[in-house]
Amino acid sequence: KELDFFAIDDVVGKGLPLWLPNGTVIRDALEQYMKELEFADGYVRVATPQLAKTDLYYQTGHLPLYAKHMYPFMELKEANEEGNEEVRETYVLRPMNCPHHHRVFASRLRSYRELPMRIAEYGQVYRYEDSGALSGLLRVRGFCMNDAHIYCTEEQIESEFIKVMEMIRTLYETLGLEKYYFRFSSWDPDDPKGKEKYVDNPAAWAASEEHMRRAMKNSGLPYDEVPGEAAFYGPKIDVQLQTVTGREETVSTNQLDFAVPTRLDLTYRGADNTDHHPFCIHRAPASTHERFVAFLIEHFGGAFPTWMAPVQVRVIPVAEAFNDYAAAIVARLRKQLVRAEVDDSHETMGKKIRLASTEKIPNVLVVGEREQQEATVTLRRYGSRDQTTLPLDAFEADLLRRIRERELDRIGWGE
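The sequence shown: position 71 = 169 (our numbering), numbered continuously.
Here is the structure:
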């Protein structure tokens, strides 16, 4: 709360976080990184509406199964010929993005040459949670998901799953997340409620689970297998993260869907000139903005690396006479899209430096007469008592490199 990342306002509604400017910077930085990773892996981006007719969810099978997690339906009424109102259409806020993406895939005839087709979207969804279960950003009712759906042939399943696992590994390595493992959730054929919980197709379950086991083996990633926790339409792999406080949380879920494309009659034209149903991989390496940023706030202790920090550079002039030099530095950095600002308040320099530390600013530049005359800056990094005077050109070049390479800036962390 002190760092002004988000707010929960009862007038807006419980579990509906308001992203404040500082939190929005972090959210946007994470989203941009994921978009770059997805672009490099051949994803295409779409934008879809946040509600749909209930018919869509009955077709996919989410209704009535998922009804208790959905917001109340919106009935659109119009007058009939007799002048009486009647329900013409019923809509609902979407609890997931996949039904919309299925309709994107179905928007025209697809060829096997287009597969795998990787459709990505940071999509806003809404799920009703009991008020007692809500908790900050970790458990909310409205959230934005790092979602994508990969439509592929059966022969492409394993290679596509391996690419997803590699993306997760790259993301976590960039963020310094090391204490995690993969949990493979499979179908439990002996579950007495199995026909209520899962699609009843034992052969498809067996084949899908074998594809995922081989993908995990070939990726070289260790995993635990847990029967009975699969999604209703197929097996899944969760990423279990150990937080800095020692608790275990599910961060990312990645699922293989063999059922819904058939249920919706999604097809592509094969090399044999006949129609086939694709498989669908649901994947969300960075989970939701809300949940993932909550983990990162805890992981970094609020001291984000420069590339994610809400304020990347703060310039502190030692006296009013050097305000213009400080402002010129800020203007120069902002032209490079660096989030830089000057503290030209009337507080003492010592208090300004303490405030920058409290706000966890990663790079503080102190400038005075010598710096102005020599075109230098005196750099103090967050968490370090050391300071270094260096040419402004050299600082700018190193700063831009650290941002470009998404360096972790570990100076002083954990002290």
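Every residue gets a Cβ at the ideal spot worked out from N, C-alpha and C, and that includes glycine. Nothing here was measured: the structure is a model prediction, and the numbers come from that model.
Item, Value
"Hey, would you say A407 sits closer than 9 Å to P325, going by beta carbons?", "no"
"Any idea what DSSP makes of G512, helix, strand or coil?", "Note that G512 scores 40 on pLDDT, short of 50, meaning its location in the model is unreliable and no value can be drawn from it."
"Answer yes if the region 331-339 comes into contact with the region 362-371, meaning at least three C-beta pairs across the two stretches below 8 Å, and no otherwise.", "no"
"Can you list, in chain order, the residues of its chain with a C-beta nearer than 6 Å to that of S306? Leave out the 5 residues immediately preceding and following it.", "G332, P333, L354, F356"
"Using beta-carbon positions only, say whether M194 and I248 come within less than 9 Å of one another.", "no"
"Considering just the uninterrupted stretch of the beta strand (DSSP E) at S56, what are its terminal residues?", "Residue 56 lies beyond the stretch modelled for the chain, which goes from 99 to 513, so this question has no answer here."
"Going by the beta-carbon positions, is the gap between V142 and I217 smaller than 9 Å?", "yes"
"Is it buried or exposed for K449, if we count other Cβ within 10 angstroms and need 16 for buried?", "exposed"
"If I measure Cβ to Cβ from C378 and keep anything under 6 Å in the same chain, skipping five residues before and after, which residues do I get?", "H247, Y249, D355, P359"
"So is D441 buried or exposed if we call it buried at 16+ other beta carbons inside 10 Å?", "buried"
"Determine, using beta-carbon pairs with one atom in the region 228-236 and one in the region 384-393, whether at least three such pairs fall under 8 Å.", "yes"
"Check whether the region 426-442 and the region 486-500 touch, using three or more Cβ-Cβ pairs below 8 Å as the test.", "yes"
"Looking at I427 and A454, is the spacing between their C-beta atoms short of 9 Å?", "no"
"Taking C-alpha atoms, which residue in L275, T456, A301 lies nearest to A384?", "L275"
"Please return the same chain residues whose Cβ sits closer than 8 Å to the Cβ of H167, not counting the five positions on each side in sequence.", "P193, R225, Y226, E227"
"To which residues of the same chain is W285 closer than 6 Å at the C-beta, ignoring the five residues directly before and after it?", "Y296, W303, A328"
"Between the Cα of L128 and those of L149, D422, T272, V409, spot the shortest distance and give me the residue it belongs to.", "T272"
"Count the other CB atoms within 10 Å of the CB of Q471; is the residue buried (16 or more) or exposed (fewer)?", "exposed"
"Counting C-beta neighbours from all protein chains within 10 Å, is the total for E513 16 or more, i.e. buried, or is it exposed?", "Per-residue confidence for E513 stands at a pLDDT of 39, beneath the threshold of 50, marking its modelled position as unreliable; no derived number is given."
"In whole angstroms, what separates the C-alpha of L116 from that of E396?", "19 Å"
"Which of helix, strand or coil does DSSP assign to Y480?", "coil"
"Counting beta carbon pairs with one atom in the region 309-324 and one in the region 263-272, are three or more of them shorter than 8 Å?", "yes"
"With a threshold of 7 Å on Cβ separation, who are the neighbours of R502 within its own chain once the five nearest residues in sequence on each side are excluded?", "none"
"In the DSSP output, what is S350 paired with across the bridge?", "V337"
"Taking the alpha-carbon positions, what's the R504 to L149 distance?", "35 Å"
"So, helix, strand or coil for M168, using DSSP?", "coil"
"Contact defined as beta carbons within less than 8 Å: I believe V223 pairs with F203. What is the distance between those atoms, to the nearest angstrom?", "That pair is no contact at about 19 Å."
"So, L245 versus A145, is the Cβ gap smaller than 9 Å?", "Note on residue identity: the sequence assigns Asp, not Leu, to residue 245. Not in contact: D245 and A145 (Cβ atoms no closer than 9 Å)."
"Hey, would you say T251 sits closer than 9 Å to P376, going by beta carbons?", "yes"
"Is it right to say F137 is buried, meaning 16 or more other beta carbons lie within 10 angstroms of its own, or is it exposed?", "exposed"
"Skipping 5 residues on each side, what residues in its chain have a beta carbon closer than 8 Å to that of F402?", "I124, L394, P408, K458, P460"
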